[in-house]
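Student: Chains A and B are the protein sequences, given in the same order.
Using numbering that gives the first Met the number 0, the letters of the first sequence map in sequence onto residues 0 to 193.
Using numbering that gives the first Met the number 0, the letters of the second sequence map in sequence onto residues 0 to 193.
Questions regarding the structure given below will be posed in turn.
Number of protein chains: 2
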Amino acid sequence: MAREARWDQVLDTAARLFSSQGFAATSIREVAAQAAFSKAGLYYHIREKEDLLYHVCVASIEAILAQVRPAVADEDNPLAQLAAIIRVHSLYFHDHPDNLKVLTYELGQLPEARRAEVQAIERQYLDLIRGIIHEGQMAGQLTDMDPTVAAFMLLSLMNGLHNWYDPRGPLGAAGLAETIQRIFLSGLRLESPK
Amino acid sequence: MAREARWDQVLDTAARLFSSQGFAATSIREVAAQAAFSKAGLYYHIREKEDLLYHVCVASIEAILAQVRPAVADEDNPLAQLAAIIRVHSLYFHDHPDNLKVLTYELGQLPEARRAEVQAIERQYLDLIRGIIHEGQMAGQLTDMDPTVAAFMLLSLMNGLHNWYDPRGPLGAAGLAETIQRIFLSGLRLESPK
């Protein structure tokens, strides 16, 4: 396997262990063993366990943004763009539930400076959503709810998924997206004048 | 101050410190000092730091339930009952943001058995919401979305509040409740037949 693919496998293993047993309870040795990577090889990439958490968080939020941005560019109106974000995010969660759970629950374990770096990337995601909502309001498609608040509410819905969504269950990624779209977009859509 | 009020003050202090700097970074000594409680006195109530986290979590979820249940009983239809839950929960969050942040983010620090105890109380809250949604569906008020999923989505909206709601900001508890009601109840309400 190429070096990059092997490293991705380390990050996936770390995400799975941090998610299932917590960052504090996971050792570098365990990650290396389960990823079939030598501990010495791991120390070539990282210096301490926090580095692994940092890379999992950055890779997760960057992976979502890398898929969300083109999906938004492909749509020509704000409601369809929001629906696309929900679709892409739901699919990413379906495929990588551990990554997003770690990003939500273990970010606080990073030292201040690195946490701020991850939050700066998360902020780009928030800004993207907020900008679309603002455009939808200008275009008369969406209600006048504070765009920042509305963007945070969408992210809250998506950050709570690991509490109830089972990727092996019958709903599936498409059903998941449809469910979030139904709650969030109905609340935001401006009702047509009676 | 009566013993019970002094103990409540210890729990409030613990919630504030766990919320602002994390459970792991907070010492019993610090909680005792900031609550103006002797460390010896604290050890009369608890044996270790985890006990403090356990009591904060239980007190928080029980306090919400103690306010939510009568508010629900006061309303005679499912939509009004859901609106009441959102109102009471928003007000509790407004008054005790640290308690709910700790309940969301630090629960994983408890040992398995105690975490399960807290989750069993949280499950009562979920069951209450789910039951009301189910009733609303039977009464033809609400759409046929899976009541469990809908209940989790409402809790996700409320568990994400600390990411954006500032109790000192201009929105206020009533504005907060109205915002969540607008997103969540519009998504769930059955549109009147055209």
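The C-beta atom is built at its ideal place from N, Cα and C for all residues, glycine as well.
Remember, it's a predicted structure, so these values are computed and weren't measured experimentally.
Going straight from the alpha carbon of B/Val9 to that of B/Gln20, what length do you get?
Tutor: One C-alpha to the other measures close to 16 Å.
Student: Between the segment 27-42 of chain A and the segment 53-61 of chain A, do three or more beta carbon pairs fall short of 8 Å?
Tutor: The segment 27-42 of chain A is not in contact with the segment 53-61 of chain A.
Student: Measure the C-alpha to C-alpha separation of A/His44 and A/Val87 and round it to an integer number of angstroms.
Tutor: Computed Cα separation, rounded: 30 Å.
Student: What does A/Leu141 pair with, by DSSP beta-bridge criteria?
Tutor: Beta-bridge pairing links A/Leu141 to A/Arg188.
Student: Hey, could you find the ends of the alpha helix (DSSP H) A/Ala6 is sitting in?
Tutor: A small correction: the amino acid at residue 6 of chain A is Trp; Ala does not occupy that position in the sequence shown. Here the alpha helix (DSSP H) through A/Trp6 covers Arg2 to Gln20.
Student: Name, please, each residue of chain B whose Cβ falls closer than 9 Å to the Cβ of A/Arg5.
Tutor: In chain order: nothing, as chain B lies at least about 29 Å away.
Student: Buried or exposed for A/Lys38, please, with buried defined as at least 16 other CB atoms from any protein chain shown within 10 angstroms of its CB.
Tutor: Exposed: under 16 other Cβ atoms inside 10 Å.
Student: Are the segment 132-146 of chain B and the segment 124-134 of chain A in contact at 8 Å, needing three or more beta carbon pairs?
Tutor: Segments in contact, no.
Student: Quick check: the Cα distance between A/Met78 and A/Arg188, rounded to an integer number of angstroms?
Tutor: The sequence as given places Leu at residue 78 of chain A; Met does not occur at that position. For A/Leu78 and A/Arg188, the distance between alpha carbons rounds to 8 Å.
Student: Report yes if the CB atom of B/Leu194 is closer than 8 Å to the CB atom of B/Ser59, and no otherwise.
Tutor: Coverage of chain B is limited to positions 0 through 193, which leaves residue 194 of chain B absent and any answer about it impossible.
Student: Does the distance from the C-beta atom of A/Pro96 to that of A/Pro169 stay below 8 Å?
Tutor: No, the Cβ-Cβ distance between A/Pro96 and A/Pro169 is not below 8 Å.
Student: Could you check whether B/Gln136 and B/Asp143 sit closer than 8 Å to each other, using their CB atoms as the reference points?
Tutor: Taking 8 Å as the Cβ cut-off, B/Asp143 and B/Gln136 qualify as a contacting pair.
Student: So, are the CB atoms of B/Glu49 and B/Leu109 less than 8 Å apart?
Tutor: Yes, Cβ-Cβ distance for B/Glu49 and B/Leu109 is below 8 Å.
Student: Sort B/Ala172, B/Glu29, B/Ala119 and B/Leu153 by Cα distance to B/Ser185 and report the nearest one.
Tutor: The option with the nearest alpha carbon to B/Ser185 is B/Leu153.
Student: Buried or exposed: A/Tyr164, going by 16 or more other Cβ atoms within 10 Å of its Cβ?
Tutor: When all chains shown are included, A/Tyr164 counts as buried.
Student: Could you tell me whether the Cβ atoms of A/Leu156 and B/Ser155 are closer together than 8 Å?
Tutor: Yes, the Cβ-Cβ distance between A/Leu156 and B/Ser155 is below 8 Å.
Student: Note down, in chain order, every chain B residue with its Cβ under 9 Å from the Cβ of A/Tyr124.
Tutor: What A/Tyr124 touches in chain B: nothing, since even the nearest Cβ is about 12 Å away.
Student: Under 7 Å between beta-carbons, which chain A residues line up against B/Val148? List them in chain order, please.
Tutor: Ordered by position in chain A, the residues that pass the 7 Å Cβ test against B/Val148 are Trp163 and Thr178.
Student: Assuming B/Ile120 and B/Val57 make a contact with CB atoms under 8 Å, what is their CB distance in whole Å?
Tutor: Confirmed, Cβ separation roughly 7 Å.
Student: Residues of chain A with CB closer than 9 Å to the CB of B/Asn158, please, in chain order.
Tutor: In chain order: Ser155, Asn158, Gly159 and Asn162.
Student: State yes or no: is the C-beta of B/Ile63 within less than 8 Å of the C-beta of B/Ile179?
Tutor: Going by C-beta atoms, B/Ile63 is not nearer than 8 Å to B/Ile179.
Student: Apply the 10 Å Cβ neighbour rule to A/Ala24 and answer buried if 16 or more other Cβ atoms are within range, or exposed otherwise.
Tutor: The residue is exposed, with fewer than 16 neighbouring Cβ atoms inside 10 Å.
Student: Compile a chain-ordered list of the residues in the segment 91-111 of chain A whose CB is closer than 7 Å to at least one CB of chain C.
Tutor: Considering every chain present, this structure includes no chain C. Its protein chains are A and B.
Student: Quick one, which of B/Leu41, B/Asn158, B/Gly159 and B/Gly107 has its alpha-carbon nearest A/Phe17's?
Tutor: The shortest Cα separation from A/Phe17 among B/Leu41, B/Asn158, B/Gly159 and B/Gly107 belongs to B/Gly107.
Student: Taking 8 Å as the threshold (C-beta atoms), are A/Phe183 and B/Ile182 in contact?
Tutor: Their beta carbons are under 8 Å apart, which means B/Ile182 touches A/Phe183 by this criterion.
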